[in-house]
Amino acid sequence: MSNLKFLMPTKITVGENCVKNNFSDLILGKRCMIVTGKTSGKKSGALDDVTDVLRTNGIEYLVYDRIGNNPTIEETAEGGAAARAFGCDFLIGIGGGSPLDACKAIAVYATNIPSENGDFKLYDIYKGVYKNKPLPMAAIPTTAGTGSETTPYSILTLHKEKTKKSFSCPDVFYRVAFLDGRYTVNLPLQIARNTAIDALSHLLEGYTNKKASPLTDYIALEGMRILGKHADILRNGNFTVDICTELLWAACIGGIVISQTGTTIVHSMGYGLTYYRDIPHGMANGFLLGEYLERVRSVAPHRISECEAAMGMSLDKFKIFLSDCLPYNGAFSKDEITEWAKTSIKARNVASCPFDVDYDTELEIYENCLL
Ligand code: NAP
Ligand code: ZN
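Using our numbering, the letters of the sequence shown map in sequence onto residues 19 to 389.
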C-alpha cells in the first residue's frame, strides 16, 4: 500500500435522460463546439439532446462532425484550429472512443497553437504539459467500451511512427460525463461486442497490472461482474436501455481503473492490428487477451481465479466467449507480426505486466494468437 494515489476528477451522471435532467452540468461556458463522429452523434440521439439543451439555454454552438475512427494527430490539430476560429470556450465530445479522444487533443490544440518554428510543435502534445490550460470538456459516450470519459489519455494515430500512441495529462480529464443507455441501445451488435471486450480488457489488464491497488481491484472486479452477467446478451444482442446503461457504467469504471494503473501489453500489441489491418480496437485486444491471461495465471493463479469468479466463467469459457464474439476470417503472416513486435516492445506499459516480457515473449504471444 505504499505510494497509493487515486485521482478521478470527472463528475459522472448516469441514467435515462441524464443530459436533459442535469443540463446545467453540461454547460461549461458561453460558446460550445461539439466534437463528434460522422454518424454516431446523430444515430445515437445524443446530438439532438445536446443541441436542444444548448438552444434552450441560449448557448451558441458549432457541430464539428469530422472525426474518423482512430483519429490522427493532424485531424485533431485541424479541430483545434476550428475551435479557435469559432471562438468557443468549452467542448462537448459525443461518440465512441475516437471522438472522445479527439476532443481531448482538440481541447489542447485550441489553446496551444502548434507551429513549426514556435515553442509548441505538433508532436509536443505527447509531452503532456502545456503552457495554456486545455478547454473544459463534457463527454457523452455512444459506445460502452473505451472509458475515455474517465481517463486522462487520448490515443492518436501517429503515422510518423506507424502506430497509435497515447498522450496523458490530468488537464484532459472530462469535467463531466453523461451515461445514458438510450445512446447505445441501437449499436450494431459487432460494435457492441468489440467495445464491451475493450472494457473487459481494461478491467482485466488493470486488475492484473503491477500498479493495481486495493481500490482499483475492488472497482475492476465490479466491472467484470457486470460484463460477465451480460455475456449471453453480448453473444445474442437482446439489449435493453437498462442493460446498456449498466454496460456503460462497467466501461466507465474500466476507465477509472486504467486511469490509475494504465494498461498492459494487450493494448500496445493490439495497436499493430489496428494500424496495419484496420481491426477495431476492442477486437484487437480480444484476440490477445486469452493468451495474456494464461501467462498471468502462470505467475499469479489466485488473481486469475478472482477474475473467473467475478465474471462467472472459467478462463477456458472466457476464451470461448471471446471467439464467439469476435468472428474473423483474415489470416496473418509471420513477417507482419515480427514487425509489430519490434514496435510494441517499445511501449511503456510493457513494464506494468505481471510477468517478464521481452521481444521474444511478444512474438510468441502474437504467434500463438494469430498464426
Ligand atoms: P469508435 O472508433 O469511436 O467507433 C467505432 C464505430 O462505431 C464508428 O464507425 C462509429 O461511428 C460507430 N458508432 C459509435 N457510436 C455509435 C452508435 N451509438 N450507433 C451507431 N454507430 C456508432 O470506437 P470505440 O471502440 O468506441 O473507440 C476506439 C478508439 O478509442 C480507439 O482510437 C482507441 O485507441 C481509443 N481508446 C481510448 C481509450 C482511452 O483511455 N482514452 C481507451 C481505449 C481505447 P462514427 O464514425 O460515426 O463515430
Ligand atoms: Zn482499450
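Cβ atoms here follow ideal geometry from the backbone N, Cα and C, with glycine treated the same way. Being a predicted model, the structure only gives us computed values, none of them experimental.
Any non-hydrogen atom of the ligand NAP within 7 Å of residue i CB
i    : result
S316 : no
K335 : no
H299 : yes
L197 : no
T361 : no
L207 : no
T57  : yes
I52  : no
I237 : no
P117 : yes
I276 : yes
I173 : yes
N227 : no
N88  : yes
N212 : yes
K391 : The question about residue 391 has no answer, for the chain in this structure spans 19 to 389.
G241 : no
T263 : no
N2   : Since the first residue shown for the chain is 19 and the last is 389, residue 2 is missing from the structure and cannot be characterised.
K183 : no
G280 : no
K139 : no
S370 : no
Near the ligand HEM: residue i beta-carbon under 7 Å from a heavy atom
i    : result
Y384 : By its list of ligands, the structure shown excludes the ligand HEM, since it contains just the ligand NAP and the ligand ZN.
Cβ pair residue i, residue j closer than 8 Å
i    : j    : result
K29  : V194 : yes
E309 : N227 : no
R313 : F373 : yes
V284 : S219 : yes
A268 : L245 : yes
H248 : L221 : no
C343 : L252 : yes
T165 : E34  : Per the sequence presented here, residue 165 reads as Gly, with Thr not at that position. It is not a contact, given that the beta carbons lie outside the stated cut-off.
S116 : N87  : yes
H410 : G290 : In the structure as shown, the chain starts at 19 and stops at 389, and residue 410 therefore has no counterpart that could be examined.
G114 : T160 : yes
L233 : F305 : no
L153 : D83  : no
Y148 : N130 : yes
Y293 : K122 : no
G280 : K229 : yes
A101 : L109 : yes
G333 : I355 : Checking the sequence shown, residue 333 turns out to be Leu, not Gly. Against a cut-off of 8 Å, the Cβ pair of I355 and L333 comes out as no contact.
A128 : R243 : no
V275 : G330 : no
D137 : L174 : no
N135 : I215 : no
K38  : V71  : yes
F62  : Y201 : A quick correction: the sequence has Ser, not Phe, at residue 62. Yes, these two residues count as a Cβ contact at 8 Å.
Assumed close pair residue i, residue j - CB separation to whole angstroms, cut-off 8 Å
i    : j    : result
A217 : G146 : No, A217 and G146 are not in contact; Cβ-Cβ is about 24 Å, not under 8 Å.
A162 : C262 : 7 Å
N367 : S286 : 5 Å
P188 : L25  : 7 Å
F196 : I237 : Wrong, their Cβ atoms sit about 20 Å apart, outside the cutoff.
T427 : S277 : The structure shown does not extend to residue 427, since the chain is modelled only from 19 to 389, so the question has no answer here.
I85  : V53  : 6 Å
G241 : R295 : So it is not a contact: roughly 28 Å between Cβ atoms.
I77  : C36  : At roughly 18 Å, the Cβ-Cβ gap does not stay under 8 Å, so I77 and C36 are not in contact.
L207 : G255 : 4 Å
L65  : I124 : About 17 Å; that fails the 8 Å criterion.
beta-carbon residue i near the ligand ZN non-hydrogen atom, thresh 7 Å
i    : result
T164 : yes
N303 : yes
S219 : yes
T260 : Residue identity check: residue 260 is Asp in the sequence provided, not Thr. No; taking the cut-off as 7 Å, the Cβ of D260 has no heavy atom of the ligand ZN nearer than that.
D216 : yes
H177 : no
H285 : yes
Alpha helix (DSSP H) runs contained entirely in the region 38–84, provided each spans 4 or more residues: 41–44, 58–62 and 64–74
Continuous beta strand (DSSP E) assignments of at least 3 residues falling wholly in the region 180–220: 181–186 and 194–197
Contained alpha helix (DSSP H) runs [length at least 4] in the region 298–376, N- to C-terminal order: 299–317, 319–329, 333–343 and 352–362
Beta strand (DSSP E) runs contained entirely in the region 97–133, provided each spans 3 or more residues: 108–113
Minimum length 4: unbroken alpha helix (DSSP H) runs contained in the region 254–285: 259–279
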